[in-house]
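Numbered per the numbering used here, the sequence shown spans residues 2 to 360.
Ideal placement from N, C-alpha and C gives every residue a C-beta, glycine not left out.
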Amino acid sequence: MKTVIVNLKERSYKILIGSGLLRRINDFIGSLGDMEKIMIITNPPVFSLYAKGIENQIRKNYKVTTAIVPDEERAKSLKWAKFLYDKMVKEKMERGSLVITVGGGVVGDLGGFVASTYMRGIPYIQVPTTLLAQVDSSIGGKVAIDHPLGKNLIGSFYQPKQVIIDSDVLETLPEKEFKNGMAEIIKMAAIRDKELFSILEKKLYTISQDKVLLNKVIFRSCLHKAKIVEQDEKEKYLRAILNYGHTIGHALESLGKYHTLTHGEAVLIGMFLAAEISYKTGVCKKDVMDRQQNLIRLLGLPGKRLSFSIKKVMEAMERDKKVKKGKIRFVLTKDIGSAIIREDVPGEIVSSVIKNFFQ
Ligand SMILES: NC(=O)c1ccc[n+]([C@@H]2O[C@H](COP(=O)([O-])OP(=O)(O)OC[C@H]3O[C@@H](n4cnc5c(N)ncnc54)[C@H](O)[C@@H]3O)[C@@H](O)[C@H]2O)c1
């Protein structure tokens with residue numbers, strides 16, 4: 002087992018990474034001190050696959066109840082947050098009780114949000130079961146639900162007490178979801194880790210089959226995320242580099258009403274174009290763009306089956322949270338493993354790069 006520590010003074014916590022960790026969950030919970038009551042929050046598929054087994058183990062040592070919310074993004078709503086609050090009140094959950102979220106980013110974001118607001122905050126543990134949740138959403142304490150007018154509009158920063166990453170659970174993850182997580186790993190390598198990027202270039206296809214390599218890739222991604230969160234927990238500046246590929250990506254995702262493209266596909270296109278913008282604005286050399294675009298093609302760049310007008314894409318980017326005082330914030334790569342934030346990227350370069358891609 003490998004451990005990454007997220008160092009945030011009194012809010013510090015461990016990320017535990019390895020194979021077979023779920024079998025040891027009682028030891029990990031025990032290391033946090035006395036917990037009288039535990040509520041597991043999960044969804045139907047993950048309940049059958051993993052949360053039921055976790056519940057059975059925990060029951061040996063603790064009083065446990067399980068709340069099941071629907072699968073997919075619709076669970077990140079006030080309606081399902083209320084369902085959880087109601088259940089917590091009914092079960093007499095207290096300040097010293099513990100929430101354990103078992104699932105992907107949806108369950109983690111919703112469960113973390115409810116834990117952050119119930120009785121002004123009770124402790125929670127993240128047990129992420131998608132690759133995206135393992136390398137990204139379970140770390141850093143961004144918890145949220147959606148508003149009908151926008152994703153993640155209602156939320157807070159609330160760090161978990163522990164993150165337990167058992168890579169064995171990825172064996173049941175559909176390929177499409179694995180790719181979503183790989184898109185975030187490529188992002189992390191492109192902005193922070195040249196060596197990880199080279200590993201991905203050489204071994205992208207073998208990662209899902211090679212446990213040692215998979216654990217290493219997850220570990221390195223978590224380590225970088227932890228370091229970024231430590232330096233800028235509330236996303237005042239540095240943490241924004243994690244939005245690499247997301248400026249254009251989010252615009253495409255929202256224009257497609259979150260159905261046309263998966264989040265991972267949108268981020269892959271977003272990074273493909275951000276690399277080109279980095280080159281066209283003179284921020285990086287051609288080789289830096291080429292290597293990123295080749296790796297993205299290797300994972301699978303979505304076909305150009307999209308027909309968004311440039312005007313619509315530019316407007317969607319301007320509506321996004323990444324706009325500061327009317328200026329679109331772009332994360333660009335200077336080199337493989339090194340990123341900068343720019344607010345002065347000429348609109349003509351952005352629109353011509355997007356136009357060329359979709360033509
Ligand atoms: N908090 C953050 O910092 C942050 C960062 C990135 C994304 N997010 C959020 O994360 C969410 C997306 O998360 P996601 O990509 O994990 O999607 P998800 O939670 O919807 O999970 C994807 C699918 O995989 C299933 N699943 C989960 N684990 C499985 C397993 N081991 N085997 C088989 N199936 C499994 C789920 O039931 C679901 O159908 C979005 O709501 C996004 O806003 C949050």
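Exercise for the section: Could you check what DSSP says for residue 219 in three-state terms: helix, strand or coil? Expected result: helix
Problem - Contact set for residue 336: own chain, Cβ-Cβ below 7 angstroms, skip 5 residues either direction - result: 285 and 289
Handout entry: Closer than 6 angstroms: residue 47 CB and nearest ligand 1 heavy atom
Key = At least one heavy atom of ligand 1 falls within 6 angstroms of the beta-carbon of residue 47.
Practice task
Return yes when the C-beta of residue 157 is under 6 angstroms from any heavy atom of ligand 1, and no when it is not.
Solution key: no
Exercise for the section: Give a single yes or no on whether residue 62 has its beta carbon closer than 6 angstroms to a heavy atom of ligand 1. Expected result: no
Handout entry: Contact belief for residue 114 with residue 165 at Cβ below 8 angstroms, rounded distance in angstroms
Key = Contact flag wrong, Cβ pair sits at about 19 angstroms.
Practice task
Can you check the stretch 191-262 for any alpha helix (DSSP H) of at least 4 residues that lies completely inside it and give the ranges in chain order?
Solution key: 195-204, 212-232 and 247-256
Problem - Distance, residue 97 Cα to residue 199 Cα - result: Roughly 45 angstroms between the two C-alpha positions.
Handout entry: Distance cut-off 6 angstroms: residue 143 Cβ against heavy atoms of ligand 1
Key = Yes, ligand 1 has a heavy atom inside 6 angstroms of this Cβ.
Practice task
Would you list the residues sitting across from residue 335 in a DSSP beta bridge?
Solution key: Looking at the DSSP output, residue 335 shares a beta bridge with no other residue.
Problem - residue 70 to residue 50 span [Cα, whole Å] - result: 15 angstroms
Problem - 7 angstroms Cβ cutoff met for residue 74 and residue 67 - result: Not a contact, by the Cβ cut-off of 7 angstroms.
Practice task
Would you check whether ligand 1 has a heavy atom nearer than 6 angstroms to the C-beta of residue 79?
Solution key: no
Practice task
Ignore the nearest five residues each way along the sequence and tell me which others in residue 43's own chain have a CB closer than 7 angstroms to its CB.
Solution key: 52, 67, 69, 103, 104 and 108
Exercise for the section: Indicate, with yes or no, if ligand 1 has a heavy atom lying under 6 angstroms from the CB of residue 72. Expected result: yes
Exercise for the section: Please work out which residues of its chain come closer than 6 angstroms, Cβ to Cβ, to residue 5, disregarding the five sequence neighbours upstream and downstream, and give them in chain order. Expected result: 16, 223, 224 and 227
Handout entry: residue 102 beta carbon near ligand 1 (any heavy atom closer than 6 angstroms)
Key = no
Practice task
Indicate whether residue 236 and residue 8 have their beta-carbon atoms separated by less than 7 angstroms.
Solution key: Taking 7 angstroms as the Cβ cut-off, residue 236 and residue 8 do not qualify as a contacting pair.
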